[in-house]
Every structure is written in C-alpha cells, then in structure tokens.
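Colleague:
2 protein chains.
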Amino acid sequence: MQRALDITRSRFADWYQAVVRDADMAETSPVRGAMVIKPWGYGVWEQIQQELDRRIKATGHENCYFPIFIPLSFIAKEADHVEGFAKEMAVVTHHRLKNIDGKLQPDPDAKLEEPLVVRPTSETIIGDAFSRWIKSHRDLPLLINQWANVVRWEMRPRLFLRTTEFLWQEGHTAHASAQDAEAETMRMLEVYRSFSEDYLAMPVIAGEKPENERFPGAVATYSIEAMMQDGKALQAGTSHFLGTHFAEAQGIKFQDEAGGVSLCNTTSWGVSTRLIGGVIMTHGDDDGLRLPPAIAPRQIVVVPMLRDKPEDAEVLKYCEDLVAALGQLSAFGQKLRVLLDTKKIKSAEKRWNWVRRGAPIIIEVGPRDAAGGNITYMRRDQLRDGDKVKSLAVGRQEFVEEKAVQLLVEIQAGLYADARHRLDSNIKTGVTDWAGVEEYFSGDEDAFKGWLKVSWAKPGGAELEAVETKLKTLKLTIRNAPLQQPAAFAPCLFTGAPGVEEILIGRAY
Amino acid sequence: MQRALDITRSRFADWYQAVVRDADMAETSPVRGAMVIKPWGYGVWEQIQQELDRRIKATGHENCYFPIFIPLSFIAKEADHVEGFAKEMAVVTHHRLKNIDGKLQPDPDAKLEEPLVVRPTSETIIGDAFSRWIKSHRDLPLLINQWANVVRWEMRPRLFLRTTEFLWQEGHTAHASAQDAEAETMRMLEVYRSFSEDYLAMPVIAGEKPENERFPGAVATYSIEAMMQDGKALQAGTSHFLGTHFAEAQGIKFQDEAGGVSLCNTTSWGVSTRLIGGVIMTHGDDDGLRLPPAIAPRQIVVVPMLRDKPEDAEVLKYCEDLVAALGQLSAFGQKLRVLLDTKKIKSAEKRWNWVRRGAPIIIEVGPRDAAGGNITYMRRDQLRDGDKVKSLAVGRQEFVEEKAVQLLVEIQAGLYADARHRLDSNIKTGVTDWAGVEEYFSGDEDAFKGWLKVSWAKPGGAELEAVETKLKTLKLTIRNAPLQQPAAFAPCLFTGAPGVEEILIGRAY
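These protein sequence lines map, in sequence, to chains F and V. Note that the first sequence covers residues 3 to 511 in this note's numbering. Note that the second sequence covers residues 3 to 511 in this note's numbering.
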C-alpha cells in the first residue's frame, strides 16, 4: 500500500516530525531552537491571524506595536514575573560588532549600560505605556493587542510546539474594576474557545489552571486544552486575570469619577504558532496533514495531468476556467482559495505533495476529463477506500455549482466531529483514588491515554506541591478545572477531604 | 484662529514631531531609539501591509518567517555586508538572567558560544535556507517575502524615519540567470512606485542609486525617492540586484537543464514603517495629519453632538443607522471603514482629535440634523475657508448614496495631485556647474529647496568619493539616476567630461 509518509501515528513523536517536514510546514534553523516557517506553514498562520484578528477587533481591541527590547530594570520590577521568566531570556549586551584581530566580535566599547532583554512577553513594557496613557476613568477600559515575535530560550525545542522564537498575539487590557477585568479575561477565553472549535476544528476544554501553573504574576490563569491523537493535552491558549500586580509594579493608575486615584486591574491573553502544532496533531493521519478548510491556505488544488502533448493546452485551459469559476465562490465568509499547480514535476508527485500537505480537496484533470466536461476529485478527509485512494468523477459544472462549497463545509464539520468524539470519549470519570490513577496511566508510556476528570479539594501551597510531585511520578499534570462544573463533588482524590472542584489530569506537551 | 496644532510647518522638524504626537501615531519608548506605535499609527501600517501584501502575492511571492537571530559567523561570511552593517547591530551574548548579589544580570554561566545578531536584514539567514531549498532549475525562481521587525542601532533616532527597531517587509528571491534577477529587481521597484503613488498618494522618482549608496553586497540598488514638504528627499523603498555575491557566500546553487551546476542570482527589496513618516511629511498641514483615504484606518468618523439630554438617544440611533449604511459601501476595492465616536468627551474635542489624526471626512450630527434628515461634514483635505473651518450640510440619504464614495475618491486624487505638483515643479534642471549648485542650495538651511537634476559622467571609486565629499559640504547627496533618461546629456557637472546620465541631487532624510 502506497502511503504519502513513511511512518504512521503509532510512533507519534516521529510521525509529528515527519508531517512537519513532509507537509513543508517548517524546518529547524541554524539558530538553536528557532524555526524557519515555510510558505505552507506560514499560510496557515496567516489564516489564523486574519480570522482571530477580526474577532479580537470585533470585541473592541485595537492593535499596537511595542519594542522587542525590554530594559532589564523593567523585568526586575515584578518579582513573581522574574521568577517565572528569568531563566530563559535572550539578553542583548552590545550594540556593535568590531573586527578585532581579524575576528568579528561584540565591540567592548559598545557595551550597553543596561542590558536589554528580548521580550518573552510584554506585560512590563506595555504596562509602562499604560501608566502614561491612562489618566482618567474615561480612558478605561484600554483594550490593546499586539502581533509579535517573542523569545524564550528552549533547551528541548520542538517545531511549532516549543521554539526559542515564536509568533503570537498578546492582548493587554486595563480596567477600572476587578470585575471588569475578570469579565474581559473570560470574554477572551471564550474567543479562543470558539475560534479553536469553529476555525481550527479543534475542540477544547476551557477552564482555570491550578495555582502552581499560573502565569508569573497572575491572580488567575485560564486555558483552553486540546486532546491530541496520542491522548496528550496541548495547552492551546491562555487568558490571565492579573489583578493589580502589574499595575502596582508599573504605576498604572486612574482618577475615578469621585476624584480619587485607584490602581487599574489588568489582563493579558495570548495564542501562538503552537496552534499549528495542535492542528497537525489533531487532524493529521498516516498520509500526512489534513487541514480544516477554514484555515487551509489553499482549499482546492487543481492538478492538470499534462503529458508534453498538444492536448495539454486544452487541459490547461479547462483547468484555468475551473479555477476561475471556483474562485468566485465563497465559504466560511471568504472567497475560495484555489490553486492551479503548474509546477514542472510529475502529476503523481503533485498528488502526493498535496495529500501530505493536507489540501482539503485535490482535483485531477486529464484529457478525457476535459473532453467530457468532468473532473476527478479526492477528499483529503476520506482519502481511502480500504487501501486504495478514492477518486470520484463528477461533471465540472455540477462540482462548481453544487459540490465544492458543500464539500468544504462537510470536511470542516467532519474533522471537528472526529476530534470532538475523541475528546469526549477519552475523559474518564469515576476514578476516586490514587490507585485508580496509577492503573489508568500504567503500561506503555507511548500508548494512547486520555485524561481523567477527578474531584479535589483545591489545596494550595505545600499541599499542592505534594500533589504536583505525586503526579509528576506518572508524568502527569493538572490541565485545568473546566468551567462547566457539577453541582456536587466526590471527596478529594488526593486528600480525602470534601471535594470542591473537578479537574482534568493528563500527560501534556 | 484656532488651529489643531500649536506649531506650523515653518518649523518643519518640530512640526513633524508634533503631528506624530498629536495625531496619536507613535511615541518614544524607554528603549533608546525604539518606538511604540499607537493604534492610529499601527492602523495605517495595517492598511499598508494589507494592500502591499496583496501586490507582493499577485506577483508570485509567498510569505515565510525566518529567525530573528543570525549567527555571527553568517554575517562574517559576506565581507561587504559586514562593512555595511557591522557597526549598528544588537548582539545577544547570554541566554539567561540570574540574581547575583541581589541584582538581576546576565548569567555568566549562560554565555553563548557564538553571539547572535538581531537581524538588521535577513539576506544571510534566508540565503542559508535557499542553499538547502534549491537543488534544480525546477526550483527557480524562488520568490519569498517576510513581514518582520529588524534592528539597526541608531544614534540619532526619529520616530518612523529612523528607529532602532522598525517593521518592514523584505523580499528575497533566487533566479537561474542575472537577467531574470534583474527583471525581478525592476518588477518590485515598479510595485513600490505604483503602490506609493496609488495608495499613499505619494509620488516618487524611481531610479538607480550611485555606487557609493548601494546596499552592502549589491551589484545595483534602486530606490523610490519622494519629496517632502520641506523639499528634502525621503528614500521610501529599495530594490537590490545582488548578482551572485550572496549566492557565493551562502552556497546557493542549482543544477541546470544540461546537468551543470551554477550559482543563483539573487535579489532583495524592502519598504518599512518609514513610509508612514513619508505620508505625514507629504500630506500633513498646519492642522495636523491628512491621511489619503485608501490608507486611513477610519475613512469617515461620525461625531454625535450629545448633550446629556433625552434627545441624545435619537441622535445616536440616527448616527448608528448612518454608520451602518456607509459601512455597506465600497471604495478602493474595500468596504468603507467608518467609526462612530462614542467616547465620553466633548464633541468639539472629538472634532479636533480627528482633524489632527487626519480622518478624511468628519461628520457631525446634532439633534437638528437628525430631525431634518441631514448631516454636516468636513473634508479634511479642504478643512478651511480662509481661517474658518468649512462645514457642509447635506441630506443623509444624498450623502450616503451620492457623496461619500465620490468624496473619498476626490480626496485621494486631490492629495496626490498636490504632491505631484510639488514634486514636478521643484526639480530644477539646467544647472551645469558647481556654482549653480551652490547658488541653488545657498541661504537658510531650513528654507524650502527642491532637487537638482544634473548631468554627470557616472564616475566611480576615488572620483566618486570626491564628488560625495563636495556634495557633503552643502549637506547634499545623490538621490538616484531616474529610470527615465533623456537621449542626450550635458557635460558632467563635476568633471566636465561627457555626461552619460542624469542624477537627482538634494538634501535628504
């Protein structure tokens, strides 16, 4: 049986690397831990950006741009923040190179008085601007977003999932009250949830992170967690209620209506190119990537079957007309994105390229199709009938007028339904003691395991640390406490005390 | 007379700063030389990005993303490149901070073996990828673009015009022949020219830079040069034919059809947030910014005249309907961008805010307008009648159905025509000797001076250096040799030798 990849999901980590490579998404670079995002991978990011940007603006936020460098003293101001990030930052110490003894090196005469940190996140430098921009309650809420690159030094990088440099958006807002800031935190969590499910076809559980997993300096951190095909969790987005911590450190204050001066409550929230890793591990199959049509850079690819013969011209013309007609149609609120692949390589090679890359619909047109007014198409989500690739013939006009948009909508829905089913049927409940946890996660570490949903007493401090350590022995972490909670709880799985909350436990990226 | 600014263009440099500040475009940051781009300024950049990206893709290029860090050894490989950039780069030397004696500082144990340079431009790191991606003539041309931030240390920063960090796009392409690469260089220069003129309403002269102004490592550098309202030139975009210089340094080779191996010819080209500075200095007036409608983040702003009275609700409803109706219209290939300004400040303050920010059309609606089915509008390009602000009343329906789009198109054309006239009527020809140059540029340095178009023999090496030094005494530089050249030339202004080319001379940013 011919596969588009030489590896299957049974070796999931290697399979992931193969998909990233063979779908032409990204590659490692000469800079340790930093990736090169190739056109097909970047095209997915552009789709994510475009739609998420629309949703961020529709909820009242405006885009800005802040410096990539942060003075060291800014970072030092917020003690918790330092603890959380200090260990993984790129530090600029010189602003010039010099040829010394024939070797190019940092010029000792151009050492910076204060080192600059390459932003790992921008709370501190944006907070500094907020402290200047906000004077009165009339300036609130202040709702800002930024699309940017950030750097966090990674010792064990993995393309898209954990890279030293990555691309993201970071929202930063300031509010007159804690209540307003909390509402904003939840609003953006919901934007992430709906975006992830509607657009990425990636179902998630939204919930609150436990205390030990909070963003450094946050009062509360919320996340959306997606289940990959190996059962592991991927934290796909976070939304933080920061209370007045950053406002205090940065002096973000406002005069209220009564004339008094108060600290603002702030939030921050972000998603990154990590989402692309999530899409790959949610939808990919043993032939490579399968892209949800809403985010596919090309939703339909047309491959003309050319043979260096006179009838090629007719086939090409026929394909061009097809592409033009399809390009007039709309799906997911946008014109269809259709490509005519005219690269000078064999048609069979093209087919497999687009299978690997996960183009939702691949159309092949040969001289006989052109003469008969037909096309032959493959659905990437239902590529095979048993071992064989399933090609369907249909009239060109019928395909354009009735099939194309309907198929794309169907594929999007089908990918979502599959992933939804996987998530819903692999969250095990009813485990009430540690032995049950051990049993569920026993055996081969690479075998599929889902998550457990268990009751706990929400301990803090040293008690929570003990829980964390215990979980770690099985390579587990608490993912989040889902927003949807039952009315009553079993006793705490860890302590036997009365339960107050249900949490998800699993292995994670 | 009430002005929206407290300074006029007679003090051009201060005026520029005031516009950037009072139009809420950008501000300086705590990081020396790096700016914060505020929502209104970033909104202009988003318009620029969107349209230019469309044009870059329409000419066959795909977007990618490459690491922000470049290994020092990559920079060292291209000697000319080093010369040109080595003096102004930010250098990362450590990847961790540590609390030592109570002070946060770069951790000596986390010193990088090889320092990393924050990209000043990406020829070297992209060239490295090209050397891996290109194997055969079938892989050519390779046409890549990247939207990114870059860093060049600036000792005398000016917002948008010269900042340590700026945003740009950089195109990088590889071709099988010098001829193909040269054609690409000219194609993108033309994309820049037409974009600048059609969208920014900023007329430019496209031409070749003299040898001494070439991009480090280029065989030929072309630019578009715009004339600001103080007569100075702004280099607004560049396109470089790099020959095989970078291909040689990075090993970018391909197997041709005959089976032989050849070096690729490469190009690079870029425009940056500097364009925004150009827009300000091209179109601003003594009341602040005037934005060409094609790039205005909001083309029409509606200010409801509210008085905290019961009839406010009716005025607001009337304005909302107006905004909804206008939002259905299209201009410049896109839906109109219309804002209802509901900020809780006085209407008069709103008016002046939008005048300063240069919104093309400002509409005011009071209870009487609402009751009578009318609106009152101001054209930002023709704000005053003598000293008074010119407000025009018109029926709401008529404005929506007949006026709005027509006015925006008119304003765009009018701003372009004014700038075109300024450029065309201030390039002086007929000066044939140095005395003439001195005379033209004599007197008050801040007084308006245009450019000279003179004939020269296109000297190189030491002779060119002498010309450069001479020009420098009058703070002049050669801007470019326009693509449009006459059939015959006067003798060289500098040497008296037979002329071979006409060049533009002027003061510049």
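Virtual Cβ for every residue (Gly too), placed ideally from N, Cα, C.
Evaluate the contact criterion for the region 35-51 of chain V versus the region 98-111 of chain V: three or more CB pairs, one atom per stretch, below 8 angstroms.
Modeller: The region 35-51 of chain V vs the region 98-111 of chain V: no contact.
Colleague: Under three-state DSSP, which class holds ALA149 (chain V)?
Modeller: A small correction: the amino acid at residue 149 (chain V) is Trp; Ala does not occupy that position in the sequence shown. Strand.
Colleague: Counting Cβ pairs closer than 8 angstroms, one from the region 300-314 of chain V and one from the region 367-376 of chain V, do we hit at least three?
Modeller: A contact exists between the region 300-314 of chain V and the region 367-376 of chain V.
Colleague: In chain order, what residues of the region 133-156 of chain F put their CB closer than 7 angstroms to some CB of chain V?
Modeller: Within the region 133-156 of chain F, the qualifying residues are ARG140, ASN151, TRP155.
Colleague: Going by alpha carbons, who is nearest to HIS247 (chain F) out of F:GLU259, F:ILE226, F:PHE217?
Modeller: The shortest Cα separation from HIS247 (chain F) among F:GLU259, F:ILE226, F:PHE217 belongs to F:PHE217.
Colleague: If the cut is a Cβ gap below 9 angstroms, which residues of chain V does ASP314 (chain F) touch?
Modeller: The premise fails here: ASP314 (chain F) is roughly 17 angstroms from chain V at the closest Cβ pair, so nothing lies under 9 angstroms.
Colleague: Relative to the C-alpha of ALA490 (chain F), which candidate in F:ILE480, F:GLY501, F:ASP288, F:ASN482 has its C-alpha closest?
Modeller: Checking every option, the nearest Cα to that of ALA490 (chain F) belongs to F:GLY501.
Colleague: For a minimum of 3 consecutive residues, which ranges assigned as the beta strand (DSSP E) are wholly contained in the region 231-298 of chain V?
Modeller: Here the runs fully enclosed are 235-245, 255-257, 263-265, 267-274.
Colleague: Hey, which unbroken runs of the alpha helix (DSSP H) at 4 residues or more fall wholly within the region 12-74 of chain V?
Modeller: Correct list: 14-24, 41-60.
Colleague: Output needed for ARG386 (chain V): all residues of its chain with C-beta closer than 7 angstroms, excluding positions within five of it in sequence on either side, in chain order.
Modeller: These residues qualify, in order along the chain: LYS392.
Colleague: Count Cβ pairs between the region 283-293 of chain V and the region 351-362 of chain V that sit closer than 8 angstroms; are there 3 or more?
Modeller: At 8 angstroms Cβ cutoff, the stretches touch.
Colleague: Assuming contact is defined by CB atoms lying nearer than 8 angstroms, are VAL281 (chain F) and LEU202 (chain F) in contact in what I supplied?
Modeller: Yes, they are a contact pair.
Colleague: Between ARG158 (chain F) and ALA510 (chain F), what straight-line distance do the alpha-carbon atoms span, to the nearest angstrom?
Modeller: So the two alpha carbons sit approximately 15 angstroms from each other.
Colleague: Of the residues F:THR284, F:VAL193, F:GLY43, F:HIS174, which one's Cα is nearest the Cα of ALA235 (chain F)?
Modeller: The option with the nearest alpha carbon to ALA235 (chain F) is F:THR284.
Colleague: Thinking just about the alpha-carbon of each residue, which of V:GLN336, V:GLU322, V:ASP383 is nearest to the one in ILE377 (chain V)?
Modeller: The shortest Cα separation from ILE377 (chain V) among V:GLN336, V:GLU322, V:ASP383 belongs to V:GLU322.
Colleague: Which residue marks the beginning of the beta strand (DSSP E) containing MET229 (chain F), and which one marks its end?
Modeller: Residues 222-229.
Colleague: Spatial neighbours of LYS40 (chain F) within its chain, please: CB distance less than 7 angstroms, with the 5 preceding and 5 following residues excluded, ordered by chain position.
Modeller: Taken in chain order, the residues that qualify are ASP26, MET27, ALA28, GLU29.
Colleague: Relative to chain F, which residues along the region 262-276 of chain V have a C-beta separation below 8 angstroms, given in chain order?
Modeller: Going along the region 262-276 of chain V in chain order, one finds no residue with a Cβ nearer than 8 angstroms to chain F.
Colleague: Below 8 angstroms, how does it come out for the region 29-38 of chain V and the region 260-271 of chain V: are there three or more Cβ pairs, yes or no?
Modeller: No: fewer than three Cβ pairs fall under 8 angstroms.
Colleague: Taking the beta strand (DSSP E) that GLY498 (chain F) falls in, what are its first and last residues?
Modeller: Here GLY498 (chain F) belongs to no beta strand (DSSP E), and DSSP marks it neither H nor E.
Colleague: Roughly how many whole angstroms lie between the Cα atoms of PHE14 (chain V) and ALA326 (chain V)?
Modeller: Answer to the nearest angstrom: the Cα atoms are 39 angstroms apart.
Colleague: Given a cut-off of 8 angstroms, decide if TYR224 (chain F) and VAL273 (chain F) are closer than it, judged by their beta-carbon atoms.
Modeller: The answer is no: Cβ separation not under 8 angstroms.
Colleague: If the cut-off is 7 angstroms on Cβ atoms, which residues from the region 33-61 of chain V count as contacting chain F, listed in chain order?
Modeller: Those would be VAL33, ALA36, VAL38, ILE39, LYS40, PRO41, TYR44, GLU48, in chain order.
Colleague: Give me the Cα-Cα distance between GLU470 (chain F) and VAL119 (chain V), rounded to the nearest whole angstrom.
Modeller: Cα to Cα, the separation comes out at about 39 angstroms.
Colleague: For ARG309 (chain V), count neighbouring Cβ atoms within 10 angstroms of its own Cβ and tell me buried if that reaches 16, exposed if not.
Modeller: With fewer than 16 other Cβ atoms within 10 Å, it is exposed.
Colleague: Between which two residues does the alpha helix (DSSP H) carrying MET190 (chain F) extend?
Modeller: Element bounds for MET190 (chain F): 180-200.
Colleague: Verify whether the separation of the beta carbon atoms of THR268 (chain V) and THR175 (chain V) is less than 8 angstroms.
Modeller: Cβ atoms of THR268 (chain V) and THR175 (chain V): closer than 8 angstroms.
Colleague: Could you name the residues of the same chain whose beta carbon sits closer than 6 angstroms to that of PRO484 (chain V), not counting the 5 residues immediately before and after it, in chain order?
Modeller: Cβ within range, chain order: ILE207, GLY209.
Colleague: I need the DSSP call for ARG381 (chain F), collapsed to helix, strand or coil.
Modeller: Three-state DSSP puts ARG381 (chain F) in a strand.
Colleague: If you reduce the DSSP assignment to three classes, tell me which class ASP387 (chain V) lands in.
Modeller: Three-state DSSP puts ASP387 (chain V) in a strand.
Colleague: Between the C-alpha atoms of LYS211 (chain F) and ARG11 (chain V), what's the straight-line distance to the nearest angstrom?
Modeller: Taking the straight line joining both Cα atoms gives about 55 angstroms.
Colleague: Whose C-alpha, out of V:ARG300, V:GLY43, V:THR187, V:GLN4, is nearest the C-alpha of VAL21 (chain V)?
Modeller: It is V:GLY43.
Colleague: So, for ASP314 (chain F): in the same chain, excluding its five sequence neighbours on each side, which residues have a beta-carbon less than 6 angstroms away from its beta-carbon?
Modeller: LEU308, listed in sequence order.
Colleague: What did DSSP end up calling THR175 (chain V) once you bin it into helix, strand or coil?
Modeller: Note: THR175 (chain V) maps to strand in three-state DSSP.
Colleague: I'd like to know if VAL396 (chain F) contacts chain V, where contact means its C-beta is closer than 8 angstroms to some C-beta of that chain.
Modeller: Output row for VAL396 (chain F): interface = no.
Colleague: Would you give the residue range spanned by the alpha helix (DSSP H) that TRP155 (chain V) belongs to?
Modeller: Note, TRP155 (chain V): premise wrong, no alpha helix (DSSP H); not H, not E.
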